[in-house]
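In terms of this note's numbering, the sequence shown is numbered consecutively and its last residue is 1123. Positions of the beta carbon are idealized from the N, C-alpha and C atoms, including for glycine. These numbers come from a predicted model, not from an experiment.
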Amino acid sequence: MAQDKLESTYRLEDQIGFRLRLANQKHLELFAEHMPEATPTQFAILARLYFDGSLSQNHLGRRVGMDAATTKGVVDRLRGKGWVQSTPSKTDLRRLEISLTEQGRAFAKGAVKRAQLISQQTTKKLSAREAERLLALLGKL
983 MAQDKLESTY RLEDQIGFRL RLANQKHLEL FAEHMPEATP TQFAILARLY FDGSLSQNHL
1043 GRRVGMDAAT TKGVVDRLRG KGWVQSTPSK TDLRRLEISL TEQGRAFAKG AVKRAQLISQ
1103 QTTKKLSARE AERLLALLGK L
């Protein structure tokens, strides 16, 4: 009987995961349209390096919310594109420092501008206040 009650009140459209997936799907479509040269995860790495400068690979991964294996894979692909370089740390030779190449810095500079447009398009149906509130609420999850 409790199962029937749950089933009768459950609506997929009212579930946070469903709504987040739809919003993310729309955002990814816009991202692919406006920045086909990089994936969102690649852009996250590039943007973090653009604004923060050289970081250890471990710290870089933490700063963009990626595990070590994912970070390594993304950095390897970016290195293959000539956008990042790895050098041994001057303070700890066991650590690799990741930084943008000149080509990577030039790409990141333009990509940041495109990312702002993508974010604006993602939230275009929201008022500025609603968009701010959405970001604040998502930050609490």
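Residues near residue i in its chain [Cβ-Cβ closer than 8 Å; skip 5 each side]
{"i": "L1010", "result": "P1022"}
{"i": "R1045", "result": "R1030, D1034, L1037"}
{"i": "V1057", "result": "I1027, Q1039, L1042, V1066, S1068, I1080"}
Residue i in three-state terms, based on DSSP
{"i": "T1069", "result": "strand"}
{"i": "E1079", "result": "strand"}
{"i": "S1038", "result": "strand"}
{"i": "E1019", "result": "coil"}
{"i": "D996", "result": "helix"}
{"i": "D1049", "result": "coil"}
Neighbourhood of residue i by C-beta, 6 Å cutoff - its chain only, sequence neighbours within 5 removed
{"i": "T1069", "result": "E1079"}
{"i": "I1100", "result": "L1012, F1013, H1016"}
{"i": "S1071", "result": "R1077, E1079"}
Beta-carbon gap between residue i and residue j smaller than 8 Å
{"i": "W1065", "j": "L1042", "result": "no"}
{"i": "L1028", "j": "G1092", "result": "no"}
{"i": "L1004", "j": "T1104", "result": "no"}
Integer-rounded CB distance, given that residue j should sit under 8 Å from residue i
{"i": "A1026", "j": "N1040", "result": "Contact flag wrong, Cβ pair sits at about 16 Å."}
{"i": "H1060", "j": "Q1024", "result": "Note that residue 1060 is Leu in the sequence shown, not His. The Cβ separation is near 6 Å, so the contact holds."}
{"i": "M1017", "j": "R1076", "result": "With 8 Å as the limit, M1017 and R1076 do not qualify as a contact, their Cβ atoms being about 34 Å apart."}
{"i": "L1108", "j": "L1117", "result": "Wrong, their Cβ atoms sit about 10 Å apart, outside the cutoff."}
Chain B contact for residue i (CB, 8 Å cutoff)
{"i": "K1072", "result": "Absent from the structure: chain B. Only one protein chain is present."}
Note to self: Three Cβ pairs or more, each shorter than 8 Å: is that satisfied between the region 1028 to 1038 and the region 987 to 1003?
What the structure shows: Too few Cβ pairs lie closer than 8 Å, so no.
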